[in-house]
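Reviewing the structure listed below.
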Amino acid sequence: MDISIAHRMPKGRSDDTRPIMVRFAARQIRDKVYVARKALRQSRCHIYVNEHLTKSNESLFRECRGLWKNKKIAGTWTCTVLFMQSYFTMAES
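Under our numbering, the first residue of the sequence shown carries the number 1311, and numbering increases by one thereafter.
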């Protein structure tokens, strides 16, 4: 079985429909879904696959994404919010 549990979340202020939260039985299955979500972005259906982060990790990730957009770091990942320092900031040191 690939899905451990799935349930609907309460509708948010900007949600048209109630989001569905899914917990996968194995990390490998989750990783396959995350890779396949790129195809969903290119289709016209309105299905979005996002990682559910705690408030503190979400805030940290948002800050890292801002640094990435300003080319201060080379990349960000949500695997407990990792970031990689880019050669731009290393060159300034």
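Where a beta carbon is used, it is the ideal one built from N, C-alpha and C, also for glycine.
Here the structure is a predicted model, which means the values were calculated and not measured.
Practice task
With a 10 Å radius around its C-beta and 16 neighbouring C-beta atoms as the bar for buried, classify C1355 as buried or exposed.
Solution key: exposed
Practice task
In angstroms with no decimal places, state the Cα-to-Cα distance between Y1344 and L1377.
Solution key: 23 Å
Handout entry: Backbone secondary structure at S1403 - three-state DSSP
Key = Low confidence applies to S1403: its pLDDT is 43, below 50, so where it sits in the model is not reliable, and the reading given next is rough at best. S1403 falls in the coil class under three-state DSSP.
Practice task
Could you check if C1386 is buried or exposed, using at least 16 other CB atoms within 10 Å of its CB as the buried criterion?
Solution key: Sequence inspection shows Thr at residue 1386; the Cys mentioned does not correspond to that position. The residue in question, T1386, is buried, as its Cβ has 16 or more Cβ neighbours within 10 Å.
Problem - Beta-carbon proximity list for L1392, same chain, < 8 Å, skipping 5 on both sides - result: Legend: pLDDT at L1392 = 49, less than 50; position of this residue unreliable, value from coordinates given subsequently. Here the set comprises T1386.
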